[in-house]
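These protein sequences, in sequence, are chains R and P.
To convert, count from 1 in the first sequence and add 11; that's the working numbering.
To convert, count from 1 in the second sequence and add 8; that's the working numbering.
Backbone N, C-alpha and C fix where the C-beta goes; we use that ideal spot for every residue, glycine too.
Below: one structure, written as structure tokens.
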Amino acid sequence: MLKVTVGVALLLVIALIGQRGTFTHLRLPVGARLVYLTGSEFILVGVALGDALIGLLDAGTLRSLTPLLSLGLGFVGLIFGIQLELRKILRFPARYLPMATIQAVATLLVVSVPCYFILKEWFVDDELAIRVASLILGATAACTAQTALALIGREFGLRGAPVMDLLRYISSVDAAVGLVVLAFASCLLHAQPVIGVDAGVPFQWFVVSLGIGTAMGFLLHLLTGVRCREQELPIFVVGMVTFSSGIALALDLSPLFINTMMGLTVANLPGSRNRIFNFLARLERPFYILLLVLAGSIWRPGSPWALLLAAFYLGLRTLGKFGGGQLAVRAAASGTRPPPGLGLGLLSQGGMAVAMVMNYHQLSSAPVTAAVVTTVLLAVICNELISPSMAKRVLRTAGEITA
Amino acid sequence: MTRILGLVIVVLSMAWVVFTVSDARVDADAGSTMTFGFLLLAAYLAGDVLSRLGLPKLTGYILAGIVFGPHALQLVGADTVRELKLIDDLALTFIALAAGGELRLAALRRRRSSIALTVAFLTTIVFLGIAAFTWAARPLLPFLDGRSAADAMIVAALLAVFAAARSPSSAIAIIHECRSRGPFTEMVLGATVVMDVLVIFVFAAVVSVGAALVVPGDPVDFQFISTIGVELAGSILAGALLGWVVSLYIRHVGAELLVFTLAAAFLVTFCSRQFALLLDHIYSISFHLEPMLICVTAGFWVQNFSGSGRPFMEQIERSSLPIYVIFFALTGAALDIVALRDTWLVAVLVAAVRFALIWVGAYLGATAAGDPPAFRRMAGLSFVTQAGVSLGLAGIVVHRFPDWGAALATTIVAIIALNQIVGPIAFKYALQAVGEARSIRDR
Chain R
12 MLKVTVGVAL
22 LLVIALIGQR
32 GTFTHLRLPV
42 GARLVYLTGS
52 EFILVGVALG
62 DALIGLLDAG
72 TLRSLTPLLS
82 LGLGFVGLIF
92 GIQLELRKIL
102 RFPARYLPMA
112 TIQAVATLLV
122 VSVPCYFILK
132 EWFVDDELAI
142 RVASLILGAT
152 AACTAQTALA
162 LIGREFGLRG
172 APVMDLLRYI
182 SSVDAAVGLV
192 VLAFASCLLH
202 AQPVIGVDAG
212 VPFQWFVVSL
222 GIGTAMGFLL
232 HLLTGVRCRE
242 QELPIFVVGM
252 VTFSSGIALA
262 LDLSPLFINT
272 MMGLTVANLP
282 GSRNRIFNFL
292 ARLERPFYIL
302 LLVLAGSIWR
312 PGSPWALLLA
322 AFYLGLRTLG
332 KFGGGQLAVR
342 AAASGTRPPP
352 GLGLGLLSQG
362 GMAVAMVMNY
372 HQLSSAPVTA
382 AVVTTVLLAV
392 ICNELISPSM
402 AKRVLRTAGE
412 ITA
Chain P
9 MTRILGLVIV
19 VLSMAWVVFT
29 VSDARVDADA
39 GSTMTFGFLL
49 LAAYLAGDVL
59 SRLGLPKLTG
69 YILAGIVFGP
79 HALQLVGADT
89 VRELKLIDDL
99 ALTFIALAAG
109 GELRLAALRR
119 RRSSIALTVA
129 FLTTIVFLGI
139 AAFTWAARPL
149 LPFLDGRSAA
159 DAMIVAALLA
169 VFAAARSPSS
179 AIAIIHECRS
189 RGPFTEMVLG
199 ATVVMDVLVI
209 FVFAAVVSVG
219 AALVVPGDPV
229 DFQFISTIGV
239 ELAGSILAGA
249 LLGWVVSLYI
259 RHVGAELLVF
269 TLAAAFLVTF
279 CSRQFALLLD
289 HIYSISFHLE
299 PMLICVTAGF
309 WVQNFSGSGR
319 PFMEQIERSS
329 LPIYVIFFAL
339 TGAALDIVAL
349 RDTWLVAVLV
359 AAVRFALIWV
369 GAYLGATAAG
379 DPPAFRRMAG
389 LSFVTQAGVS
399 LGLAGIVVHR
409 FPDWGAALAT
419 TIVAIIALNQ
429 IVGPIAFKYA
439 LQAVGEARSI
449 RDR
């Protein structure tokens, strides 16, 4: 209990300090900025607090912090979903959406398929666990974070640059592909059918996930409608996020996906979308930092094979992003043709991948889970280090930056 | 209408998960996450619906906890309520800070005669009245069958102490809900906090004398009484220290005040508990700092000695609603309403007599202090609610009087349940009647 209390207090303080320090306008040297401003440092803080070093956030304490973690995952899902406003997405050129989808699906396949065989070869686990793990690796690989692009945009004051806009667009929507795969992977863990028919059990549960997320979205819309006062908003948003996450966990479904569906539903209904978004935006950074710290603390490096897997994953993801980018460029039939190597501008992996792997860790107790967590977290840190320079290279090739 | 519909959907969703998914699958992690969200939504919506009928929202939060809790519909399990203790503690810390922050020294000085006389009359009349009533009605208490007169006297005295206890957390929640300001509010809050401290002292004295009477030959445990005194003084000192640290933070940093205050108060409270366990474990010394008093003192210090009372209270008020909702919903869920079924006659009688005695005591106190007629009539309605401290003391009774303590505690819990439902309604009515409550439209 003491550890839980100190853990909670410490997490509050870290989130507080982190919120004020990270992603700010601090003028740090380039090297330091790569490490510090992306937020990856909080994974290392989590590692230090976890069993690996200090042991303050040990397995028991982390278990007690499940509601906090679920709230964090739910927030990430909701804030992602609420940005998927169809009206706004359609404002961009029509080819952008297929381009984003193509590169995400290509990355997913390039990572998932080889990882399936690697996991099967290196880790002793049942077939289903290996299948789920490889899908999770693919899903996390498909995500692109906006951190590196945001840093470059700020550094060069880029506005109205078409390649930069395309990269930003892709990085803002391509996690949807990963989230769908994550939701489906969690449904694979179900053996019991929903409707008494044994065929397509995972699909049945996937439909349940979709249904719960959408229904919760309608409920949030109903509660935050016309009569909702400002002071009521936190109650409804926090209440709905934890309630939905709890239902998801009780049914062994993905809280991240269900909250994304909730956000998606709210985003596309007329009502209080903007008020909810503004409220979420205020809390986005503390929750993101909280997730990173908790992710670091659950990290158990496990076998040396996990480190090798991480190296393969990193290489496969880079290949997938590059190949996916090439395919996406081919799909762009008209207008400004983006430069070849576009996918290398999408290496930043960030928060959504961390949230996905945390979600997977909540749902799976298979032996391979630790290796997957190690792989994704190492990749996130490495990608945060290399992504800004790669993105700059792409933009330089496109002639949008000169330095 | 949308709120009722929302409440129905939330309750049906929870019922669907709880009753269709087996217990084995709804594990502790999922249960506490889901319950937290459910209670927050269901209790708030219930409070909102009841407020349209003129009832306090607080009553809705408590009723939601009772109805959906482990002793009624069982949508929320007893284990889950225990698992959410951490959140409950955090909320109590917050509420205590708010209560302390509402106590303004200048106002207390202005109202000191009212507060002192009300406390004096109220405590004396309620204590003597309930003790006499319990003595007279002892045949109605089955656990006293065949017991000695000394046992009956101690039970009467203990019930009398519990009858004098109040709930500062409920008082502050109603004051915040009604956005109440004015001399009447100041008097009620001041008297409530003073009575809270006083009751702990009187309780210690009764338990010590009672234990000596129950076991012939045992001397009165003066050490227990003096330890309580030292504990209360220690709590006030710890609270002042916390208040000073918060003041320093406001002066030199200021940002994210609420997070800092909550984290600090929570840590101080928790460390004081660990300190008590440590003393008990190593030196067999029983010494417990009172978390509620620590935080009330800290809030009082920040309000009156830091020069930062205003931003502090603004922060507290801005964030208070979700805290009140979850705290009182959990309070309701923890109330053993089944106890009322077993002891309803005694509970209803004691609650009714207590209500009447409180009204008389408060009326006389206010009259002696020269308060306006409206204050005199309404003061009695403001001291009915009971909650946390009383429940905590009931636990001590079980421990100190093993022969009949558990049975008495059941009766006490039943009385608290009644007062917890009636009290907020009466207090809100009183605040409206004296004209210090602002309606929602005024906000």
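- [ ] Measure the beta-carbon distance from R/A366 to R/L267 and round it to whole angstroms, keeping in mind my assumption that it falls under 8 Å.
- [x] 6 Å
TODO: Output the distance between the C-alpha atoms of P/T269 and P/G251, rounded to the nearest integer angstrom.
DONE: Distance between the alpha carbons of P/T269 and P/G251 is about 9 Å.
Open item on the list: Just verifying my parser: in three-state terms, what is the DSSP assignment at R/L146?
Closed with: helix
Task: R/L68 - partner residues in DSSP beta bridges - done: R/G61
Open item on the list: By the three-class DSSP mapping on this structure, what secondary structure does P/T403 have?
Closed with: According to the sequence as given, residue 403 of chain P is Gly; it is not Thr. In the structure shown, P/G403 sits in a helix (DSSP, three-state: H, G or I).
TODO: May I ask you to report which of helix, strand or coil DSSP gives R/F34?
DONE: Any reading at R/F34 must be qualified, since the residue scores a pLDDT of 48, below 50, and its modelled position is unreliable; the value itself is stated next. Note: R/F34 maps to coil in three-state DSSP.
Open item on the list: Under 8 Å: do the segment 257 to 275 of chain R and the segment 158 to 174 of chain R share three or more Cβ pairs, one atom per stretch?
Closed with: no
Task: Contact with chain P by R/F254, beta-carbon distance below 9 Å - done: yes
Open item on the list: I'd like to know whether the C-beta of P/M321 is nearer than 9 Å to at least one C-beta of chain R.
Closed with: no
Task: Amino acids of chain P, ordered along the chain, whose beta-carbon sits closer than 8 Å to that of R/S220 - done: The contacting residues do not exist; R/S220 stays about 14 Å from chain P at best.
Open item on the list: Could you check whether R/L60 and R/S308 sit closer than 9 Å to each other, using their CB atoms as the reference points?
Closed with: yes
TODO: Using alpha carbons as the reference points, say which of P/A272, P/F278, P/G431 lies closest to P/I258.
DONE: The residue among P/A272, P/F278, P/G431 with its C-alpha nearest the C-alpha of P/I258 is P/A272.
Open item on the list: Is R/I65 close to chain P? Criterion is C-beta to C-beta, closer than 9 Å.
Closed with: no
Task: Pick from R/W133, R/Y180, R/L120 that is closest to R/L96, judged by C-alpha positions - done: Position check: residue 96 of chain R holds Glu in this sequence, whereas Leu was assumed. Residue R/Y180 is the option with its Cα nearest to R/E96.
Task: Separation of P/A382 from P/A438, as counted between CA atoms - done: Computed Cα separation, rounded: 9 Å.
Task: Beta-carbon proximity check, P/A168 vs P/G137, cutoff 9 Å - done: One thing to note: P/A168 has its Cβ within 9 Å of the Cβ of P/G137.
- [ ] Taking the CB atoms as reference points, tell me whether P/L249 and P/V267 lie closer together than 9 Å.
- [x] no
- [ ] Establish whether the CB of P/A38 and some CB of chain R are separated by less than 9 Å.
- [x] Yes, contact with chain R.
TODO: Pick helix, strand or coil for P/D344, following the three-state DSSP scheme.
DONE: coil
Open item on the list: Check whether chain P comes within 9 Å of R/T386, counting only Cβ atoms and requiring the distance to be less than that.
Closed with: no
- [ ] For chain P, find out if any of its Cβ atoms is closer than 9 Å to the Cβ of R/A226; answer yes or no.
- [x] yes
Task: Exposure label - P/F129; buried when at least 16 CB within 10 Å - done: buried
- [ ] Return the chain-ordered ranges of every alpha helix (DSSP H) run that is complete within the segment 191 to 272 of chain P and spans a minimum of 4 residues.
- [x] 191 to 222, 230 to 260
Task: The alpha helix (DSSP H) enclosing R/S256, as first and last residue numbers - done: 244 to 261
Task: Listed by chain order, chain B residues near P/G369 by CB distance under 7 Å - done: Judged by its chain identifiers, the structure shown contains no chain B, and its protein chains are R and P.
Open item on the list: Would R/G257 pass as an interface residue toward chain P - the criterion being a Cβ-Cβ separation below 9 Å?
Closed with: yes
- [ ] Indicate whether P/I180 and P/E110 have their beta-carbon atoms separated by less than 9 Å.
- [x] yes
Task: C-beta neighbour in chain R for P/I302, strict 9 Å - done: no
Open item on the list: So, with DSSP's three-state summary, where would you put P/D159?
Closed with: helix
Open item on the list: Three Cβ pairs or more, each shorter than 8 Å: is that satisfied between the segment 229 to 238 of chain R and the segment 319 to 334 of chain P?
Closed with: no
Open item on the list: Given this structure, state the Cα-to-Cα distance separating R/I269 from R/P204, to the nearest angstrom.
Closed with: 19 Å
Task: Residue nearest to P/A114 in terms of C-alpha spacing, selected from P/L148, P/T28, P/P191, P/L98 - done: P/P191
- [ ] Taking 8 Å as the threshold, find out whether the segment 100 to 112 of chain R comes into contact with the segment 268 to 288 of chain R through three or more Cβ pairs.
- [x] no
TODO: Grab me the residues of R/L303's own chain with a C-beta within less than 7 Å of its C-beta, minus the 5 sequence neighbours each way, in chain order.
DONE: G50, F53, I54, G57, V365, listed in sequence order.
TODO: Spell out whether any CB of chain R is found under 9 Å from the CB atom of P/L81.
DONE: no
Task: Coil, strand or helix - R/F103 by DSSP - done: Residue state, collapsed to three classes: coil.
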